[in-house]
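*Asks:*
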Amino acid sequence: MNATSARLGRFITLEGGEGAGKSTQSRLLAERLRLRGFECVTTREPGGSPGAERLREILLSGAVAPLGATAEALLFTAARIDHLDHTIRPALARGAFVVCDRFADSTRAYQGALGNLDPVLIRALEHTAVGRTHPDLTLILDLPVEVGLARANARRGDAAADRFEREGQAFHEGLRKAFLEIAAQEPARCAVIDASRSVSEIADLIWAAVESRLLAPSAKGVA
Ligand SMILES: Nc1ncnc2c1ncn2[C@@H]1O[C@H](COP(=O)(O)OP(=O)(O)O)[C@@H](O)[C@H]1O
Ligand SMILES: [Mg+2]
């Protein structure tokens, strides 16, 4: 399957820093979509297909970081290509919703804004991997860095922090800013969600965005 395959479903991505609630809200959004009768595939990056999940382990172990931001971006792109080909595009082609926990905006923010990679390279890699399979809606889960890191720490318990959780406060502040800049640049695709609220309040904010942007009769949606 390639980037020009027929596409009937809707592609939703969740972005934001560590502990913002992306995984929690992906699950809740999928449940709500299924209650409405839609097929919904939940997936995540890095990973989301057998090949990409193997690359995820390497990427999150930190083994690639010493090779530099360019090498890291290339490996994320390789994982994204496999994920799109084997999971995302087949689901969209049969009309399913795809709810993806992190996607190309994470590469823009982590490797682009924070890894100082040339934006031209980031754009080229994104174009190569994503082609025309852009998200229809990107939910940017925004919250103060210390709140997100406290949640991520509590979730992790005694387990070791991964490659990105180990980064300091300034890195995570930069990440937050990078996601908000993406949202400001592409307001038609992105909705900023106040992720400092309760789980159910955030779920309601997300559902309101999905309804108004994808499901309402005036939207280009599938209902
Ligand atoms: N709105 C919320 N308020 C408080 N705790 C939350 C909220 N959303 C998620 N959590 C908890 O915070 C931790 C991180 O949430 P998670 O969904 O894994 O975030 P992410 O996938 O963005 O890193 C989890 O332990 C989760 O149960
Ligand atoms: Mg998560």
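Residue numbers for the sequence shown follow our numbering, so the first one is 61 and each next one is one higher.
By construction, the Cβ of each residue, glycine as well, lies at the ideal position given by its N, Cα and C atoms.
Is the CB-CB distance between Leu144 and Thr188 below 8 Å?
*Replies:* The answer is no: Cβ separation not under 8 Å.
*Asks:* Sorted by chain position, which residues of the same chain lie with C-beta nearer than 7 Å to Ala151's C-beta, five sequence neighbours on each side aside?
*Replies:* Within the same chain, Ala151 has close Cβ partners Gly69, Val101 and Val158.
*Asks:* Which first and last residues belong to the alpha helix (DSSP H) in which Ile266 is found?
*Replies:* Taken as a continuous stretch (DSSP letters only), the alpha helix (DSSP H) holding Ile266 covers Val259 to Val270.
*Asks:* Alpha carbon to alpha carbon, what distance is there between Arg236 and Ala133?
*Replies:* About 19 Å.
*Asks:* How would you call Ser166, buried or exposed, if buried means at least 16 neighbouring beta carbons within 10 angstroms?
*Replies:* Label assigned to Ser166: buried.
*Asks:* Classify Ile72 as buried or exposed, calling it buried when 16 or more other Cβ atoms lie within 10 Å of its own Cβ.
*Replies:* By the 10 Å Cβ count, Ile72 comes out buried.
*Asks:* Using only the heavy atoms of ligand 1, determine whether one of them is closer than 7 Å to the beta carbon of Gly76.
*Replies:* Correct: Gly76 has its Cβ closer than 7 Å to ligand 1.
*Asks:* Around ligand 1, which residues pass a check of Cβ closer than 7 Å to any of its heavy atoms?
*Replies:* With the cut-off at 7 Å, the residues found are Gly76, Glu78, Gly79, Ala80, Gly81, Lys82, Ser83, Thr84, Gln85, Asp161, Leu201, Arg211, Ala212, Ala214, Arg215, Ala255, Arg257, Ser258, Val259 and Ile262.
*Asks:* What do you get for Arg154, buried or exposed, if any count of 16 or more other CB atoms within 10 angstroms of its CB means buried?
*Replies:* Exposed, by the Cβ-count rule.
*Asks:* Less than 8 Å between the C-beta atoms of Ala251 and Leu197, yes or no?
*Replies:* In contact: Ala251 and Leu197 (Cβ atoms closer than 8 Å).
*Asks:* Looking at Ala219 and Leu174, is the spacing between their C-beta atoms short of 8 Å?
*Replies:* Against a cut-off of 8 Å, the Cβ pair of Ala219 and Leu174 comes out as no contact.
*Asks:* For Ala90, which residues in the same chain have their Cβ closer than 6 Å to its Cβ, ignoring the five residues on either side in sequence?
*Replies:* So the qualifying residues of the chain are Cys100, Thr102 and Val159.
*Asks:* From the DSSP secondary-structure annotation, give me the bridge partner or partners of Gly285.
*Replies:* In the structure as shown, the chain starts at 61 and stops at 283, and residue 285 therefore has no counterpart that could be examined.
*Asks:* Nearest to Ile118 by alpha carbon, out of Pro195, Ser278 and Arg223?
*Replies:* Of the candidates Pro195, Ser278 and Arg223, the one whose C-alpha sits nearest the C-alpha of Ile118 is Arg223.
*Asks:* Tell me the residue span of the alpha helix (DSSP H) that contains Ile141.
*Replies:* Here the alpha helix (DSSP H) through Ile141 covers Ala129 to His143.
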